[in-house]
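Please read the structure below before turning to the comments.
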Amino acid sequence: MSSGNDRTFVLKNCTCVTATDTFLSDLCIRGGLITGIGTDLTGDDVYDVNYRVVTPGGVDAHCHIEQPADDGGRQTVDDFPSATAAAAHGGTTTIIPFALQQRGQRLLDAIRRYTTQVESRSYVDYGIHSIITDTCNGNTVKDIPEAIKMGYPSFKIYMTYDSLRMNDYDILSLIEVISEHGGLAMIHAENADCISWMTDRLLSRGLKAPICHALSRPPLVEREAAYRAIVLSELAMAPILLVHVSGGKTIDVIRDAKLSGKPVFSETCPQYLLLTSADLGNETEHNGGEKYVCSPPPRDKESQESLWNAMRTGDINIVSSDHVAFNYEKGDKIQDDFSTVPNGVPGLETRLPLLYTYGVQANKITLNKFVDLTATTPAKIYGLYPKKGTIAIGSDADLVVWDERNSVISFADLHQKVNYTPYEGVPLRVWPAIVILRGKIIISDRSIRKTYGGAFVQRKGLVLPSY
Ligand code: URP
Ligand code: ZN
Ligand code: ZN
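The sequence shown lines up with residues 35 to 501 when you count with the working numbering.
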């Protein structure tokens, strides 16, 4: 059932949850938009959801799809069709993946090329960020204003990885121009030289197991880089968003910045809430630890608690997947030593069910906070609001109807192309029963409507949270 452009579609008896309210209502949808919120609404097509929870479709503002890996040699295995099918099944109706600027390439060329590459191959709506890796002799700062005007107002900048990292001087120049033109810089904060030094030290002692990935990137190297990024943001008077914060004392640095009125925002991901470095194994064994190699690495239980707390206090603003798909096989995720394992874990499909189960149902965050972190605030920060991220008249009818049912995660049931999940065997208590994109049901009974109905969304009007 769907709403054609001139037909009205009524979703009856919803327990609607937004970032701020919970209310019983019917929702009327026409032309892909929410056109009515109230009781006893009627329409051409009516679907009764029997008071199940209905949230706005998820907005996943950090995922890497069809992207060359950090060493330039490999490419992530999920393509746009598989990644966006996975997103849809997991209740995410808008994603923002990255166009990677190769060194020597003009930023606008990278953006245009990726936009063409993914066109008409998506089950969900999408915006596009870019990853800046090269100043291109001054051309990148010239391209940034145009990129923002074209609807690509957010840019990721790395402080680590030899093939991606920018130095502090260049970061200052970039974030200044991004800010002047109303955009936002997303910063991957880890100290590259400290990591290289730690890595060489471990390898020189013959230590090669996946756990050494975590040992080579201790919390201190993240905290130092996060603090430095905040200093750069203050110097350039430019807002920044620290991506994939792994917890612990980095949160203290972020909290201090916010308390002193700095425009610093932050993101975490389910892997930092649910995994620990113990998942990477021990110093002598591999034991599948490569499956959990991502950067920053998962930390410890205390760090997890610091993140749950930071979500409640507003020190963490959004939760994204940072989906990166490499197969668990020799030559891909399995390598002879930890330093060549491609970084990142898959998580587009499991982000919302995991956060709902282990956040909301475990009483760590409210259902409203869940919506805020996974849909409303990402939509605001990245210029999609109020089109996306809420249930309101005039907003896109992107909706998820949730079922409370017990299941256990297995990669074989997921729609990501990658051949493992770091959450194999993890129990879930909820799953999206119905997912609606601009008024069309794209998921029901765990099957997907087989049309690429997703569209590119030009983003503008970033709304940064108060800090
Ligand atoms: O381990 C990670 N997160 N790798 C993927 C790229 C990134 O830095 O987000
Ligand atoms: Zn990163
Ligand atoms: Zn990432």
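By construction, the Cβ of each residue, glycine as well, lies at the ideal position given by its N, Cα and C atoms.
C-beta contact flag for residue i and residue j at 8 Å
i, j, result
"S311", "I229", "no"
"A133", "S164", "yes"
"G378", "C303", "no"
"V405", "V88", "no"
"L505", "I443", "Here the chain has residues from 35 to 501 only, and residue 505 is not among them."
"A272", "S207", "no"
"M232", "L249", "yes"
"G281", "R346", "no"
"Y392", "L471", "no"
"I427", "T69", "yes"
"V394", "P380", "no"
"I178", "Y416", "no"
"N225", "M193", "yes"
"T169", "D432", "no"
"G124", "T384", "yes"
"V277", "E301", "yes"
"G473", "I205", "no"
"W342", "K398", "yes"
"T49", "L58", "yes"
"E180", "L142", "yes"
Residue i at chain B interface by Cβ criterion, 8 Å
i, result
"S294", "Going by chain labels, chain B is absent from the structure shown, which holds only one protein chain."
Proximity test, residue i beta-carbon vs ligand 1 heavy atom, cut-off 7 Å
i, result
"G378", "yes"
"C328", "yes"
"H278", "yes"
"V353", "no"
"V358", "yes"
Opposing strand residues paired with residue i [DSSP bridges]
i, result
"W465", "D437"
"V375", "Paired residues: none, contrary to the question."
"L275", "M220, F299"
"L23", "Not covered by the structure: residue 23. The range shown for the chain is 35 to 501."
"D94", "I129"
"C228", "C228 pairs with nothing; no bridge assigned."
"D80", "One detail in the question is off: residue 80 reads as Val in this sequence, not Asp. Bridge partners of V80: V44."
"D159", "T128"
"T149", "Paired residue(s): none; T149 is not in a bridge."
"R199", "Y192"
"P102", "Q109"
"L471", "K474"
Residue i beta carbon near ligand 2 (any heavy atom closer than 7 Å)
i, result
"H222", "yes"
Cβ-heavy atom distance, residue i to ligand 4, below 7 Å
i, result
"K474", "What this structure holds is ligand 1, ligand 2 and ligand 3, not ligand 4."
Any chance the segment 332 to 349 sits against the segment 480 to 495, with 3 or more Cβ pairs inside 8 Å?
no
Just the residues with CB closer than 6 Å to a heavy atom of ligand 3, in chain order, which are they?
Every residue whose Cβ sits closer than 6 Å to any heavy atom of ligand 3 is listed here in chain order: H96, H98, D356.
Report yes or no: do the segment 408 to 426 and the segment 349 to 365 share at least 3 C-beta pairs separated by less than 8 Å?
yes
Would the segment 89 to 100 and the segment 62 to 79 be scored as touching if the rule is three or more Cβ pairs under 8 Å?
The segment 89 to 100 vs the segment 62 to 79: no contact.
Inter-stretch contact (C-beta, 8 Å, three-pair minimum) for the segment 463 to 480 and the segment 259 to 276:
no
Count the CB pairs spanning the segment 164 to 173 and the segment 185 to 195 that are closer than 8 Å, and state whether there are at least three.
yes
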